[in-house]
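Enquirer: In the order they appear, the protein sequences are chains F and C.
Residues in the first sequence are numbered consecutively from 2, following our numbering.
Residues in the second sequence are numbered consecutively from 14, following our numbering.
If you scroll down you'll find the structure; I have some questions about it.
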Amino acid sequence: MREQDTAFIGKITAAVTHEFMNVLSTIKETSGLMEDLLALSGENSFKHHEKFSRTLIIIREQVRRGMEISEMLNNFAHSMDEPEAWIEINELLDQLSILVQRFAKLKKVVLTLNPLETPLEIRIDPFRLHLILVTCLEYCFDHTANGGTVTMKALRRKNGIAIQCLMEPDSKSMGNMDEIPHELTGLQETLHHINAQLVPISGPGQQGVELIVHLKVK
Amino acid sequence: MEKLKVLLVDDEEEFVTTLAERLQLREIETVITTDGDDALRVINTERPPVVVLDVMMPGIGGLDVLQQIKRNHPKIQVILLTGRGSTNDGIKGMRLGAFDYMMKPVKIEDLIQKMTEAYQVSKQEKD
């Protein structure tokens, strides 16, 4: 995709998610006001007091969830602002894991995150890094048995970092993974852009891919 | 005890009106405006010791309003409300003299705590 197109999508998405957050903020304050009034009215003031309280807790939780997703989508949209930016790797992985939660859910797979021990800022094209990682994760989701776990693990390497997408393969995918699966070969150009490479991981009961990014670390 | 008076500035009218109602239930006096120009006019008449100011507003933005408040009424303490992921705006605001910045959505208890601290500073500056 051309840089201009990407920036345009990013701009519109960022603006819309900002508005969406405003809507959620208003719902949050309004339900907060209802909670305040309910607390003031006392428990026996009307018949459905308890049901109202429970309903308001559900609204509060769903607003929190909506805000978290909107915030992540807003950050993702901003990843298209510039061709390169400083990003903190653990924050990015955290954000990514929320964004792909829906894909994991549809495949009935659990995604877990194993971040770096200490935060690390790197300069990279954040949009392309997202694209590669989401593609790798989707591959893992597709080849993991129902109820299985996919783990995204970050490791420091001598001249950069590695992000592993590890899966517990289903019976069809079991076997040695000696090369990058064909579903991921289309990433070559994008990998080249960010000075990274993908290598297969194959071990007993666990397979996956490792993204090695050669970095300029802050 | 003296009642805390706060000016709330946010272009989301439903949001700011509801927030004001919640603060009033907690014995905090509120004045609301939905744009920067209006906020600057209201400050001249109401003289609130504390202003809670949204950064992202149409027309005159929150950081410009902050600059004008600090230039003309340095004792007024301004708390900025920024969107998540807009830490840079908060840091810019601190350099321009904001008392502090908080990220939306903010818990009402945390906001009241911050407003109370700002009010104390504002009172000390008056003495």
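Backbone N, C-alpha and C fix where the C-beta goes; we use that ideal spot for every residue, glycine too.
#1: Taking 8 angstroms as the cut-off, decide whether the C-beta atoms of residue 153 of chain F and residue 199 of chain F are in contact.
#2: Give a yes or no on whether 8 angstroms exceeds the smallest Cβ distance from residue 6 of chain F to chain C.
#3: For a minimum of 3 consecutive residues, which ranges assigned as the beta strand (DSSP E) are wholly contained in the region 122–181 of chain F?
#4: Assess contact between the region 58–77 of chain C and the region 92–108 of chain C, defined as three or more Cβ pairs (one per stretch) separated by less than 8 angstroms. Is contact present?
#5: Using the beta-carbon of each residue, which ones in chain F are nearer than 9 angstroms to residue 118 of chain C?
#6: Would residue 102 of chain C count as contacting chain F if we go by Cβ distances under 8 angstroms?
#7: By the three-class DSSP mapping on this structure, what secondary structure does residue 22 of chain F have?
#8: On the DSSP letters alone, give me the boundaries of the alpha helix (DSSP H) that residue 74 of chain F sits inside.
#9: Would you identify the three-state DSSP class for residue 40 of chain C, choosing helix, strand or coil?
#10: Which chain F residues sit within Cβ distance under 8 angstroms of residue 31 of chain C?
#11: Against chain C, with Cβ distances strictly below 8 angstroms, would residue 50 of chain F count as a contact?
#12: Quick check: is the beta carbon of residue 37 of chain F nearer than 8 angstroms to any beta carbon in chain C?
#13: Identify the continuous alpha helix (DSSP H) that holds residue 103 of chain C and give its terminal residues.
#14: Residue 19 of chain F versus chain C: which residues are under 8 angstroms apart at the beta carbon?
#15: Quick check: the Cα distance between residue 61 of chain C and residue 45 of chain C, rounded to an integer number of angstroms?
#16: Under 8 angstroms between the Cβ atoms of residue 229 of chain F and residue 195 of chain F?
#17: Helix, strand or coil: which one does DSSP assign to residue 43 of chain F?
#18: Can you grab the Cα-Cα spacing for the pair residue 31 of chain C / residue 28 of chain F, in whole Å?
#19: Going by C-alpha distance, which of C/20, C/52, C/39, C/104 is nearest residue 40 of chain F?
#20: Got a sec: which bits of the region 16–29 of chain C sit with their beta carbon under 8 angstroms from any beta carbon on chain F, in order along the chain?
#21: Closer than 8 angstroms is the cut-off here; do at least three beta carbon pairs connect the region 178–198 of chain F with the region 88–107 of chain F?
#22: Going by DSSP, what residue range makes up the beta strand (DSSP E) through residue 209 of chain F?
#23: Could you tell me whether any Cβ in chain A is nearer than 8 angstroms to the Cβ of residue 121 of chain C?
#24: Helix, strand or coil: which one does DSSP assign to residue 140 of chain C?
#25: Scan the region 34–45 of chain C for residues whose Cβ lies nearer than 8 angstroms to a Cβ of chain F and list them as they occur along the chain.
#26: Pick from F/17, F/15, F/212, F/33: whose alpha carbon is nearest that of residue 122 of chain C?
#27: Hey, could you find the ends of the alpha helix (DSSP H) residue 83 of chain C is sitting in?
#28: Excluding the five sequence neighbours on either side, which residues of its own chain have a C-beta within less than 6 angstroms of the C-beta of residue 68 of chain F, listed in chain order?
#29: Residue 113 of chain C bridges to which residues according to DSSP?
#30: Taking 8 angstroms as the limit between beta carbons, can you name the residues of its chain near residue 229 of chain F, skipping five residues before and five after?
Expert: The short version:
#1: no
#2: no
#3: 122–125, 150–158, 161–168
#4: yes
#5: 22, 25, 26, 29, 30, 64, 65, 68
#6: no
#7: helix
#8: 50–79
#9: coil
#10: 27, 30, 31, 33, 34
#11: no
#12: yes
#13: 100–108
#14: 69, 96
#15: 11 angstroms
#16: This structure cannot settle anything about residue 229 of chain F, because the visible part of chain F is limited to 2 through 219.
#17: coil
#18: 10 angstroms
#19: C/39
#20: 25, 27, 28
#21: no
#22: 207–215
#23: Absent from the structure: chain A. Protein chains present are F and C.
#24: With a pLDDT of only 48 at residue 140 of chain C, under 50, the local geometry of the prediction cannot be trusted, and the value read off the model is given with reservation. Three-state DSSP puts residue 140 of chain C in coil, outside helix and strand.
#25: 34, 35, 38
#26: F/33
#27: 75–85
#28: 25
#29: C/92
#30: Residue 229 of chain F is absent from the structure shown; chain F starts at 2 and stops at 219.
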